[in-house]
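Numbering (our numbering), first residue to last: 81 to 702.
Yeah, the Cβ is synthetic: ideal placement off N, Cα and C, and Gly gets one too.
Keep in mind the model is a prediction, meaning the values are calculated, not measured.
In structure tokens:
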């Protein structure tokens, strides 16, 4: 698919430049009004204004070093002092002592909501008489983006302030939070309006269309059908049960089964409207095929049928080191290799996988991995399922060509995350450990790195080139998983298994044999593995009421120690079981004092927001 370059900032800058340079100081019409009129009477400027709303999406989990998976049991953020411990140690408070993620932030999303409101009003009026097809597309996008922004806020805060008209000075104050039900209904109304208006819009994975809106509706309805918002299920959570305003954080009436039915219907509507990627296997793909199948989902980017909507590197300026409004770095998918890659490649090891995540990956035949099994523990990286090799970098795994100055430590381009003792007693610290010879301050704390979303063909040559891997916000497979989850909760296991097997076969795994509670647990593991690094686990953990299972435990690393066998000769180290005996030990690391606090199910509204509008009620536990 040919990518259409969106020159958002340039268009907007041009649009306001010609009115901002007016030297007639006696002009009686405010320049802001002139600019607004100019924008909504010019088709190109109107389109640019709507496209500017997409800047509020950022790049999801690929935006920066700290990913949302680092707030869960699946990953850990390597560098202390940036507020991640606010989540993992339950220390969040209204003063804002936690990392405020731009793409979920109350103060940073409301300006985009106000812009969407203005676009909806101006496009609905269409006083300039712009062509109806264009107006419908732009209006549909504006409704979608408003629904998307409110979805981001709802998943963090519950019911939020609903502003649906351009704000005036008189309307800035006294805007109490809407109930959770009102917030959800408004989101669904916006998405349904977008679906109608975008019926004829061309398919573009960088912009909203009917398919995008259908997929987002599936996400919303799956999320709100979950146990976190159901009184009969969340009553065991003390902060929720004692909260005096339950209508702000969940349902107070209605049937959970009906909500799951709505999620099922919405998910199936998307599945029927388009097709996913390589979901037509009738038996498991070979491991080689399955590895390629999973990697191609991001290496093919928007060319892949699984890619419904996301940020395309080239379209939003991520091909250079900076972007308009940025902080001097290209914050996006072009930077993911640098952000999360091995320190032995002079990369930053920002967020790295935990042993808890790695252990979720089965063997290729579907057998669960178990450290208590001596055969598993002796060769933990052999014959694992395909997604293991597409998702992780691990000791002894092949990777890119080392830079010229690092080749002397590794001539074989293999990850070195262990400690290797030679026959003369010399200990070699692996190149990619925190004690390695290249950069001994920013290596992984767990012994693993993420490979997912990294282009294996991109040389380790930062900062000369940035990779061209696009960042998906939502994929067809996520909606497939939503459909499976709804069917399981409705007791329709046959349909759930049919669709879950489509995913498992693509990934080289055998057909499902589980039922009941075991089927639900298998589904959750599949979802965790499939959507890792896609902003899923944090919200799944919360909506499933599994905060304690996720964070009431310390992070585990893999400690790898190898000892040279007597009578062997080693010139240059590489992993070789004929030359070394390897011992693998999962061990706790006390890097963060991880503990779950129930108030973390919902984010605190910053005190500064409540100070501006005392009618806003704080979330429970704060």
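- Of the residues 439, 382 and 650, the one whose Cα lies closest to the Cα of residue 549 is 382.
- Judged by beta-carbon spacing, residue 356 lies beyond the 8 Å limit of residue 534, meaning their Cβ atoms are not closer than that value.
- The way I'd put it, the stretch 141–158 does touch the stretch 174–190; three or more beta-carbon pairs between them come closer than 8 Å.
- Going by DSSP, residue 501 is part of no alpha helix (DSSP H) but of the beta strand (DSSP E) stretching over 499–501.
- For the 8 Å CB-CB criterion, residue 686 and residue 174 form a contact.
- Note: residue 639 is bridge-paired with 665 in the DSSP secondary-structure output.
- Going by DSSP, residue 371 is part of the alpha helix (DSSP H) stretching over 367–379.
- Between the alpha carbons of residue 569 and residue 197 lies a gap of roughly 36 Å.
- Buried is the label assigned to residue 129, since at least 16 other Cβ atoms lie within 10 Å of its Cβ.
- DSSP places residue 128 in the uninterrupted alpha helix (DSSP H) bounded by 123–131.
- The alpha-carbon separation between residue 172 and residue 671 amounts to approximately 18 Å.
- By the Cβ rule, the stretch 291–307 counts as touching the stretch 558–575, because three or more pairs are nearer than 8 Å.
- Membership of residue 256 in any alpha helix (DSSP H) is not indicated, and neither H nor E is assigned to it by DSSP.
- Remark: C-beta atoms of residue 681 and residue 604 do not approach each other more closely than 8 Å.
- The stretch 448–460 makes no contact with the stretch 483–494: fewer than 3 CB pairs, one atom from each, lie closer than 8 Å.
- Non-local C-beta neighbours of residue 170 in its own chain, meaning closer than 6 Å and more than five positions away in sequence, comprise 675, 677 and 680, ordered along the chain.
- Proximity to residue 284 across 385, 596 and 587 peaks at 385, based on C-alpha coordinates.
- Between residue 566 and residue 344 a beta carbon distance of about 4 Å is seen, short of the 8 Å cut, so the two are scored as contacting.
- For the pair residue 472 and residue 433, the CB atoms are nearer than the 8 Å cut-off.
- Within its own chain, the residues whose Cβ lies closer than 8 Å to the Cβ of residue 258, once the five positions on either side in sequence are excluded, are 239, 240, 241, 242 and 266, listed in chain order.
- With contacts defined as CB atoms closer than 8 Å, residue 480 and residue 517 fail to qualify as a contacting pair.
- The secondary-structure analysis by DSSP pairs residue 393 with nothing; it has no beta-bridge partner.
- Considering only 506, 327, 230 and 123, the residue with the shortest C-alpha distance to residue 189 is 230.
- Per the coordinates, the alpha-carbon of residue 136 lies some 11 Å from the alpha-carbon of residue 195.
- A straight-line Cα-Cα distance of about 34 Å links residue 599 and residue 289.
- Counting along the chain, the unbroken alpha helix (DSSP H) around residue 557 starts and ends at 556–569.
- Within the model, the alpha-carbon separation for residue 576 versus residue 564 is close to 4 Å.
- Counting the other CB atoms within 10 Å of its CB gives residue 526 a total of 16 or more, which places it among the buried residues.
- Burial state of residue 287 is buried, judged by a 10 Å Cβ sphere holding 16 or more other Cβ atoms.
- With distances taken between CA atoms, residue 437 lies nearest to 635 out of 263, 635, 466 and 260.
- Non-local C-beta neighbours of residue 665 in its own chain, meaning closer than 7 Å and more than five positions away in sequence, comprise 639, ordered along the chain.
- When the five nearest sequence neighbours on each side are left out, the beta carbons in the same chain lying within less than 8 Å of the beta carbon of residue 123 are those of 210, 211 and 214, in order along the chain.
- The beta carbon of residue 591 lies closer than 6 Å to those of 581 in the same chain, with the five residues before and after it left out.
- The DSSP-derived three-state label of residue 338 is helix.
- Closest option to residue 643, judged by alpha-carbon separation, among 654, 633 and 586: 654.
- By the 16-neighbour rule on beta-carbons within 10 angstroms, residue 275 is buried.
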